[in-house]
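Those letters in the sequence shown? Residues 1 to 251, by the UniProt record's numbering.
C-beta atoms are modelled at their ideal positions from N, C-alpha and C, and glycine is treated no differently.
Remember, it's a predicted structure, so these values are computed and weren't measured experimentally.
Working notes, structure below.
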Amino acid sequence: EEAASAAAARRRAEEEAAEAARKQADEVAATAERKRVEEEAAEAKRKQAEEAEDARKKVEEEEALRKAEEETAGAEAAKREEEEAVSAAGMKAEEEGAVAAEAARRKAEEEAAEAARKKAEDEEAASAAAARRRAEEEAAEAARKQADEVAATAERKRVEEEAAEAKRKQAEEAEDARKKVEEEEALRKAEEETAGAEAAKREEEEAVSAAGMKAEEEGAVAAEAARRKAEEEAAEAARKKAEDEEAASAA
1 EEAASAAAAR
11 RRAEEEAAEA
21 ARKQADEVAA
31 TAERKRVEEE
41 AAEAKRKQAE
51 EAEDARKKVE
61 EEEALRKAEE
71 ETAGAEAAKR
81 EEEEAVSAAG
91 MKAEEEGAVA
101 AEAARRKAEE
111 EAAEAARKKA
121 EDEEAASAAA
131 ARRRAEEEAA
141 EAARKQADEV
151 AATAERKRVE
161 EEAAEAKRKQ
171 AEEAEDARKK
181 VEEEEALRKA
191 EEETAGAEAA
201 KREEEEAVSA
211 AGMKAEEEGA
221 VAAEAARRKA
231 EEEAAEAARK
241 KAEDEEAASA
251 A
């Protein structure tokens, strides 16, 4: 019984150690998974920020290049128009005289100025439209980033809740297993005590019966001596049995 009790205790200790190691491994895995999700979310956020910055710079560069090209083209066109107008005015002035040439030149200058003004207004309208498009794109990008952050936060919260639920279930299973082991141990101990008491009683009854038979054969004196001896032996056996049970219970 001592060997069986020690083996059972050793098995319980091994099972508890294995359960503790499994719990620790589960906690480590949950921590690693949560850390990986957070790192992926941070990396995705960083990449989004880099992509947004690159896109913004590219749009600014393209807008600056387009504006410079438009300004250059506008200046060249205005210059050509002015040159053409001056040339036409010069030819007309040569034909009609100095007064007509002066009038033509003024008219050409006014037309060039009007063309330049209209060109500037068109460019300003185009610039305003581009600025509006950039504002709309930036607003859309900000909304997308916010949605990504909300999704990452929800995913992280879900992982944490699943880890907490798994830990709670493990604790409940461990508590149920411990209670079951304690109940089995108490039942086994009660059965052993009951069996020991019944065995001691049977031994005492057998010893008394043997002493009575011997007393009838050898007489009252021998019977009395045998009865006392049997009672002493029974008491000694019961005492020894009780000591053995007490030692086994202490162990």
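Residues near residue i in its chain [Cβ-Cβ closer than 7 Å; skip 5 each side]
| i | result |
| --- | --- |
| residue 89 | 101, 104, 105 and 108 |
| residue 243 | none |
| residue 130 | 63 |
| residue 196 | 241 and 245 |
| residue 92 | 100, 101 and 104 |
Residue i vs residue j beta-carbon contact at 8 Å
| i | j | result |
| --- | --- | --- |
| residue 30 | residue 247 | no |
| residue 123 | residue 70 | yes |
| residue 26 | residue 170 | yes |
| residue 141 | residue 44 | no |
| residue 259 | residue 245 | Because the chain is modelled from 1 through 251, residue 259 falls outside the range shown and cannot be assessed. |
| residue 48 | residue 176 | no |
| residue 203 | residue 237 | yes |
| residue 152 | residue 115 | no |
| residue 5 | residue 251 | yes |
Proximity winner among the options, relative to residue i (alpha-carbon distances)
| i | options | result |
| --- | --- | --- |
| residue 134 | 96, 56, 235 and 172 | 56 |
| residue 235 | 250, 94, 208 and 220 | 208 |
| residue 132 | 87, 152, 63 and 190 | 63 |
| residue 158 | 7, 6, 38 and 5 | 38 |
| residue 2 | 205, 185 and 220 | 185 |
| residue 200 | 160, 239, 7 and 228 | 239 |
| residue 19 | 58, 178 and 188 | 178 |
| residue 32 | 196, 218, 91 and 160 | 160 |
| residue 10 | 168, 181 and 167 | 181 |
| residue 24 | 92, 167, 187 and 219 | 167 |
| residue 60 | 150, 138 and 95 | 138 |
Exposure label - residue i; buried when at least 16 CB within 10 Å
| i | result |
| --- | --- |
| residue 226 | buried |
| residue 17 | exposed |
| residue 112 | buried |
| residue 13 | exposed |
| residue 190 | exposed |
| residue 85 | buried |
| residue 230 | buried |
Residue i at chain D interface by Cβ criterion, 8 Å
| i | result |
| --- | --- |
| residue 230 | This model lacks chain D altogether, as it is built from one protein chain only. |
Contacts around residue i, its chain only, beta-carbon distance under 6 Å, and the 5 residues preceding and following it disregarded
| i | result |
| --- | --- |
| residue 119 | 74 |
| residue 206 | none |
| residue 15 | none |
| residue 99 | none |
Neighbourhood of residue i by C-beta, 8 Å cutoff - its chain only, sequence neighbours within 5 removed
| i | result |
| --- | --- |
| residue 67 | 123 and 127 |
| residue 156 | 34, 37, 38 and 41 |
heavy atom of the ligand COA below 7 Å from residue i C-beta
| i | result |
| --- | --- |
| residue 218 | Although the ligand COA was asked about, the structure shown includes no ligands whatsoever. |
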